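*Asks:* Note that the working numbering has the sequence shown beginning at 5, numbered continuously upward.
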Amino acid sequence: MAYREVLALPGVTPLVSLSLVARVPASAAAITLTLHVVLTLELGYAAAGAVGAASTIGMAIGAPLLGRLVDRSGLRMMLTVTICAGSVFWALAPYLSYPALLVGAFLGGLLSFPVYSIIRQALAAAVPEARRRPAFALDSMSVEVSYIIGPAAGSLLVVTLSSTVAMWCIGAGWVLSGLAFA
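1. Less than 7 Å between C-beta atoms, sequence neighbours within five positions excluded: which residues of the same chain meet that for Ala-157?
2. In chain order, what residues of the same chain have a beta carbon less than 7 Å from the beta carbon of Val-189, not counting five sequence neighbours either side?
3. Out of Ser-23, Ala-12 and Arg-8, point me to the one whose CA is closest to Leu-180's CA.
4. Are the CB atoms of Ser-121 and Val-20 nearer to each other than 9 Å?
5. Could you spell out where the alpha helix (DSSP H) holding Phe-140 opens and where it closes?
6. Spatial neighbours of Leu-37 within its chain, please: CB distance less than 6 Å, with the 5 preceding and 5 following residues excluded, ordered by chain position.
7. Less than 9 Å between the C-beta atoms of Phe-93 and Gly-66, yes or no?
8. Comparing alpha-carbon positions, which option in Val-169, Phe-140 and Gly-182 lies nearest Val-10?
9. Give the single residue among Ala-176, Gly-154, Gly-90 and Tyr-102 whose Cα lies nearest to the Cα of His-40.
10. Considering only residues of the same chain and omitting the five flanking positions on each side of Phe-117, which have a CB-CB separation below 6 Å?
11. Which term fits Gly-108, buried or exposed, when burial requires 16 or more other beta carbons within 10 angstroms of its beta carbon?
12. Does DSSP put Phe-117 in a helix, in a strand, or in coil?
13. Taking C-alpha atoms, which residue in Ile-174, Ser-167, Trp-172 and Leu-127 lies nearest to Glu-46?
14. With H, G and I counted as helix, E and B as strand and the rest as coil, what does DSSP make of Ser-77?
15. Between Ser-159, Met-81 and Val-169, which lies nearest to Ala-95 when the distance is taken from Cα to Cα?
16. Pick helix, strand or coil for Gly-15, following the three-state DSSP scheme.
Okay, structure coming up:
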């Protein structure tokens with residue numbers, strides 16, 4: 005019953021739905037980059053792990069910087085920066101050499117759209133404190149569902165079409181999700 009009450013609050017159902025869709029590109033990114041390095045660049049899993057590590061290090065450094073940007077310039081400015089950076093990275097990534105992909109993955113991580121943080125903040129603002137526990141439980145469920153869909157969708161796109169198409173789809177998903185929040 006508590007979930008139904010939370011979903012009946014104004015704006016919560018669209019936000020939870022958007023959160024599910026917005027997290028799919030994020031959850032598809034790692035496997036797509038891994039398969040691109042292994043299958044397209046033919047460099048193996050160690051090289052793919054280095055790309056994943058570069059991206060993760062970029063995210064770890066970038067998260068507080070993006071938080072500072074939000075504090076100083078507002079959410080829309082941060083969304084503009086991350087949407088532009090994400091679209092450039094995902095559009096160019098299929099064509100980058102391995103060394104350039106390492107640098108690009110770091111920069112892409114550094115300026116990665118912080119979808120998880122934005123959704124949690126929006127949910128906290130939209131839901132009264134007495135209803136936040138079920139609201140955050142719904143959010144956690146949407147995270148789990150996106151972690152089921154994203155990697156499967158990314159893998160399917162890579163093996164049936166190409167890593168280029170998969171990366172373009174991730175980029176398009178990032179841009180559309182970012183625009184929905186803007």
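A virtual CB, placed ideally from N, CA and C, is assigned to each residue, including glycine. If you're wondering where the values come from, they're calculated on a predicted model, not measured in any experiment.
*Replies:* Concretely, from the data shown:
1. Numbered from 1 along the sequence shown, position 153 holds the residue referred to as residue 157. Excluding positions up to five away in sequence, the list reads Val-28 and Ala-32.
2. Residue coverage of the chain in this structure runs from 5 to 186, which leaves residue 189 outside it and unanswerable.
3. As a working mapping, residue 180 is identified with position 176 in the sequence shown. For Leu-180, the closest C-alpha among the options Ser-23, Ala-12 and Arg-8 is that of Ser-23.
4. Here residue 121 refers to the residue found at position 117 of the sequence shown. Here residue 20 refers to the residue found at position 16 of the sequence shown. The Cβ atoms of Ser-121 and Val-20 do not sit closer than 9 Å to each other.
5. As a first step, residue 140 is located in the sequence shown; it is residue number 136 there, counting from the start. From DSSP, the alpha helix (DSSP H) with Phe-140 extends over 136 to 164.
6. For the purposes of this step, residue 37 is taken as the residue at position 33 of the sequence shown. Contacts found: Val-55.
7. Indexing the sequence shown from 1 puts residue 93 at position 89. Indexing the sequence shown from 1 puts residue 66 at position 62. No, they are not a contact pair.
8. In the sequence shown, residue 10 corresponds to position 6, counting from 1. A check of alpha carbon separations from Val-10 across Val-169, Phe-140 and Gly-182 identifies Phe-140 as the nearest.
9. Here residue 40 is taken as the residue at index 36 of the sequence shown, counted from 1. Between His-40 and the set Ala-176, Gly-154, Gly-90 and Tyr-102, the nearest pair of CA atoms involves Tyr-102.
10. Residue numbering aside, residue 117 sits at position 113 when the sequence shown is read from its first letter. Leaving aside the five residues that flank Phe-117 on each side, the residues in its chain whose CB is nearer than 6 Å to its CB run, in chain order, Thr-86, Gly-90, Trp-178 and Gly-182.
11. As a first step, residue 108 is located in the sequence shown; it is residue number 104 there, counting from the start. With 16 or more other Cβ atoms within 10 Å, it is buried.
12. In the sequence shown, counting from the first residue as 1, residue 117 sits at position 113. In the structure shown, Phe-117 sits in coil (DSSP, three-state: anything other than H, G, I, E or B).
13. Residue numbering aside, residue 46 sits at position 42 when the sequence shown is read from its first letter. Nearest option by C-alpha distance: Ser-167.
14. For the purposes of this step, residue 77 is taken as the residue at position 73 of the sequence shown. In the structure shown, Ser-77 sits in a helix (DSSP, three-state: H, G or I).
15. For the purposes of this step, residue 95 is taken as the residue at position 91 of the sequence shown. Measuring from the Cα of Ala-95, the nearest candidate turns out to be Val-169.
16. Counting from one through the sequence shown, the residue named residue 15 turns up at place 11. Note: Gly-15 maps to coil in three-state DSSP.
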